[in-house]
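For reference, the structure discussed in these notes is given below.
Protein chains: 2
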Amino acid sequence: MSLKPGVSTVGFIGIGVMGKSMAGHLLKAGYKLHVYTRTQEKAEELVAEGAVWQDTPAGLAAASDVIITMVGYPKDVEQIYLGEQGLIAQAKPGAYLIDMTTSSPLLARRIYEAAAARGLHALDAPVSGGDVGAREGRLSIMAGGDEEAFEAVRPLLELMGTNIVLQGKAGSGQHTKMCNQIAIASNMMGVCEALAYAKASGLDPQTVLKSIETGAAGSWSLSNLAPRIIDGNFEPGFYVKHFIKDMGIALEAAKDMGLDLPGLALAESLYQRLADMGYAEKGTQALYKAYRP
Amino acid sequence: MSLKPGVSTVGFIGIGVMGKSMAGHLLKAGYKLHVYTRTQEKAEELVAEGAVWQDTPAGLAAASDVIITMVGYPKDVEQIYLGEQGLIAQAKPGAYLIDMTTSSPLLARRIYEAAAARGLHALDAPVSGGDVGAREGRLSIMAGGDEEAFEAVRPLLELMGTNIVLQGKAGSGQHTKMCNQIAIASNMMGVCEALAYAKASGLDPQTVLKSIETGAAGSWSLSNLAPRIIDGNFEPGFYVKHFIKDMGIALEAAKDMGLDLPGLALAESLYQRLADMGYAEKGTQALYKAYRP
Chain Y
9 MSLKPGVSTV GFIGIGVMGK SMAGHLLKAG YKLHVYTRTQ EKAEELVAEG AVWQDTPAGL
69 AAASDVIITM VGYPKDVEQI YLGEQGLIAQ AKPGAYLIDM TTSSPLLARR IYEAAAARGL
129 HALDAPVSGG DVGAREGRLS IMAGGDEEAF EAVRPLLELM GTNIVLQGKA GSGQHTKMCN
189 QIAIASNMMG VCEALAYAKA SGLDPQTVLK SIETGAAGSW SLSNLAPRII DGNFEPGFYV
249 KHFIKDMGIA LEAAKDMGLD LPGLALAESL YQRLADMGYA EKGTQALYKA YRP
Chain P
9 MSLKPGVSTV GFIGIGVMGK SMAGHLLKAG YKLHVYTRTQ EKAEELVAEG AVWQDTPAGL
69 AAASDVIITM VGYPKDVEQI YLGEQGLIAQ AKPGAYLIDM TTSSPLLARR IYEAAAARGL
129 HALDAPVSGG DVGAREGRLS IMAGGDEEAF EAVRPLLELM GTNIVLQGKA GSGQHTKMCN
189 QIAIASNMMG VCEALAYAKA SGLDPQTVLK SIETGAAGSW SLSNLAPRII DGNFEPGFYV
249 KHFIKDMGIA LEAAKDMGLD LPGLALAESL YQRLADMGYA EKGTQALYKA YRP
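Sequence order for the protein chains is Y and P.
Heads up: the first sequence begins at 9 in my numbering, then just goes up one per residue.
Heads up: the second sequence begins at 9 in my numbering, then just goes up one per residue.
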């Protein structure tokens, strides 16, 4: 069981809710797995299942043919890849570096170029599908980079996702993820405003859903998150604080391209207000609270 | 084939694209159909199939046990129902009046009350599903009014729609339709902004859809209207000018309830800008043009 002859050790950095499931699929498939994450105890379960703990990203890099990162913020990505003890400096010649964090498209290009200059193959490959998709190996994986590198690591990606698409050159995976978040951002306003209006006008929101969710107003969020809102369940599928991060990246990238996205800007400001109200650790459906606090 | 014993003549006012299909289903089912519409020639086909032309709403009212209206704007609804020669004044005792126009919830309540005072049964029952839904008899029908009246006319509604829900007292059908339009309005911004971002960042929008349309960003609009935008097809399924009318009704109703809907307000202003650019007669997907003119 190997990626290709001589390529069989995968390093995984970032063992959070998503990363743990994703790395677990690789381990189960028989890859040698080395792991590093900021809080060591989060990796304990994987280590118990056979993963090798590494104390530093540099140590992990020295041992790995393919390195996958799934960390928090662009600044974390930047440090892990481009810092002095970073992956670009430390990776084995010819290694594949796959950043699956939702991060900046521009940073993805910088990493790609720095990697290429050292004979390394970098891909950006953020995902959607959340913790459930990660657990079930059914993520949507949006990749950017060279086709050859993408095809080389495809067997690994197929252990984690079902909808795996190379979107274009380096940065294109991140740009595609931004499209995803942009579409969600305004739609969440629509879902929450429809429910706020339903409530204010004395309708039964559950009955309203019966009329509207299968037609032109239908969406994943309306079918999956509106019922949680109606039940008063604001627990996180996807965290408000992470969504604000993503929208910030998208707004900055759009600004760089001279593109005005007023819907996204409005959604971001409403989510920021929501975080200020104390809902940063809740799920994105908590946006409803910004309308009816 | 009748609604119930003694109830077999239906008057239909407003033979537009939607109304023509809807009235046609009633005629095919064997109801005696009387029709009136502002532009007589639009009714010619139905008359050729057996419908009876009436020169005035009053004449139609005198002949009908059930009257269905599907006209343009709230002011048309107000005139037809509450004007001097209007339906409330002219309808036969015990008649059922069903307004299927997307119109004001407050006006629906006024009509209901005026009708009740004269022993008439008024329902508001706007629809979604567009020209295709009307043609195929698969509309979603959102009704408001008394349950008894709703059940009495249900056999008629079932000829026009498949998802038929009584949402509550008079006005509730219109309020539900507003929920539908509110959800669509912000989502359209999300869809168009995602595509504008995709284009600006050099992605292939078609390939982007492959990655995002089946996940949390998925929506009816993303799957059905984004491909038209990508093809440069801005022909109307649903007209920009009609959507602006609906958003105006929703914003006014929200204001009356002291409810702030910033996403809807932003969408309305973008669509207004789009109409000012000359796209009022195009489909709602033309919103894309407001981002990349």
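Positions of the beta carbon are idealized from the N, C-alpha and C atoms, including for glycine.
Exposed unless 16 or more other CB atoms sit within 10 angstroms - verdict on residue i
i: Gly-286 (chain P); result: exposed
i: Val-140 (chain Y); result: exposed
i: Met-9 (chain P); result: In this prediction, Met-9 (chain P) has a pLDDT of 41, which is less than 50 and means its spatial position is unreliable; nothing more can be read from the coordinates.
i: Gln-293 (chain Y); result: buried
i: Thr-47 (chain P); result: exposed
i: Arg-126 (chain P); result: exposed
i: Gln-175 (chain P); result: buried
i: Arg-300 (chain Y); result: exposed
i: Thr-64 (chain Y); result: exposed
i: Ser-194 (chain Y); result: buried
Residue i to residue j span [Cα, whole Å]
i: Val-6 (chain P); j: Glu-92 (chain P); result: There is no way to answer for residue 6 (chain P), as the model of chain P reaches only from 9 to 301.
i: Ala-103 (chain P); j: Ala-124 (chain P); result: 11 Å
i: Met-168 (chain P); j: Gly-137 (chain P); result: 11 Å
i: Leu-105 (chain P); j: Leu-165 (chain P); result: 12 Å
i: Val-199 (chain Y); j: Ala-191 (chain P); result: 5 Å
i: Ala-202 (chain P); j: His-33 (chain Y); result: 31 Å
i: Ala-275 (chain P); j: Val-74 (chain Y); result: 45 Å
i: Trp-61 (chain Y); j: Val-85 (chain Y); result: 20 Å
i: Phe-54 (chain P); j: Thr-17 (chain P); result: Looking at the sequence shown, residue 54 (chain P) is not Phe but Leu. Answer to the nearest angstrom: the Cα atoms are 15 Å apart.
i: Pro-113 (chain P); j: Pro-82 (chain Y); result: 48 Å
i: Gln-214 (chain Y); j: Glu-221 (chain Y); result: 10 Å
i: Ala-56 (chain Y); j: Lys-28 (chain Y); result: 13 Å
i: Ala-66 (chain Y); j: Arg-146 (chain Y); result: 30 Å
i: Asn-171 (chain P); j: Ser-219 (chain Y); result: 7 Å
i: Gly-94 (chain P); j: Lys-40 (chain P); result: 21 Å
i: Tyr-247 (chain P); j: Leu-272 (chain P); result: 17 Å
i: Ala-133 (chain Y); j: Glu-144 (chain Y); result: 18 Å
i: Ile-21 (chain Y); j: Val-79 (chain Y); result: 7 Å
i: Leu-267 (chain Y); j: Leu-278 (chain Y); result: 20 Å
i: Leu-259 (chain P); j: Asn-188 (chain P); result: 13 Å
i: Phe-242 (chain Y); j: Pro-101 (chain Y); result: 47 Å
Per-residue DSSP class, three states only, for residue i
i: Val-18 (chain Y); result: strand
i: Thr-184 (chain P); result: helix
i: Gly-371 (chain Y); result: Because chain Y in this structure spans residues 9 to 301, residue 371 (chain Y) falls outside the shown range and cannot be described.
i: Tyr-120 (chain Y); result: helix
i: Gln-175 (chain P); result: strand
i: Val-79 (chain P); result: coil
i: Lys-290 (chain Y); result: coil
i: Tyr-279 (chain Y); result: helix
i: Met-265 (chain P); result: coil
i: Met-150 (chain P); result: strand
i: Lys-100 (chain P); result: coil
i: Leu-302 (chain P); result: Since the first residue shown for chain P is 9 and the last is 301, residue 302 (chain P) is missing from the structure and cannot be characterised.
i: Leu-211 (chain P); result: coil
i: Ala-130 (chain P); result: strand
i: Leu-41 (chain P); result: strand
i: Leu-137 (chain Y); result: For the sequence presented, residue 137 (chain Y) should be read as Gly rather than Leu. Reduced to three states, the DSSP call for Gly-137 (chain Y) is coil.
i: Gly-169 (chain P); result: strand
i: Ser-219 (chain Y); result: helix
i: Ser-231 (chain Y); result: helix
i: Met-9 (chain P); result: Caution is warranted here: a pLDDT of 41 is assigned to Met-9 (chain P), below 50, making its placement in the model unreliable, and the coordinate value is therefore given only provisionally. Of the three classes helix, strand and coil, the one that applies to Met-9 (chain P) here is coil, per DSSP.
8 Å Cβ cutoff met for residue i and residue j
i: Ala-51 (chain Y); j: Ile-23 (chain Y); result: yes
i: Ala-5 (chain Y); j: Leu-35 (chain Y); result: There is simply no residue 5 (chain Y) to check, as chain Y begins at 9 and stops at 301 in what is shown.
i: Ile-76 (chain Y); j: Met-108 (chain Y); result: yes
i: Gly-38 (chain P); j: Ala-71 (chain P); result: no
i: Ala-142 (chain P); j: Met-30 (chain P); result: yes
i: Met-196 (chain Y); j: Leu-295 (chain Y); result: yes
i: Gly-291 (chain Y); j: Pro-244 (chain Y); result: yes
i: Thr-110 (chain Y); j: Asp-284 (chain Y); result: no
i: Leu-131 (chain P); j: Ala-157 (chain P); result: yes
i: Arg-281 (chain P); j: Ala-298 (chain P); result: yes
i: Leu-90 (chain P); j: Ala-116 (chain P); result: no
i: Lys-263 (chain Y); j: Glu-289 (chain Y); result: no
i: Gly-256 (chain P); j: Ser-148 (chain Y); result: no
i: Ala-3 (chain Y); j: Leu-217 (chain Y); result: Only positions 9 to 301 of chain Y appear in the structure, and residue 3 (chain Y) is not among them; the question remains open.
- Contact the region 147 to 163 of chain P vs the region 180 to 190 of chain Y: 3+ CB pairs below 8 Å: Not touching, per the Cβ criterion.
- Message: Would you call the region 221 to 231 of chain Y in contact with the region 226 to 242 of chain P, where contact means no fewer than 3 C-beta pairs closer than 8 Å?
- Response: Yes, the region 221 to 231 of chain Y is in contact with the region 226 to 242 of chain P.
- Message: Whether or not the region 203 to 211 of chain P and the region 236 to 246 of chain Y are in contact is what I'm after, with contact meaning three or more pairs of Cβ atoms, one per stretch, closer than 8 Å; do they touch?
- Response: With a cut-off of 8 Å, the region 203 to 211 of chain P and the region 236 to 246 of chain Y do not count as touching, because too few Cβ pairs lie within range.
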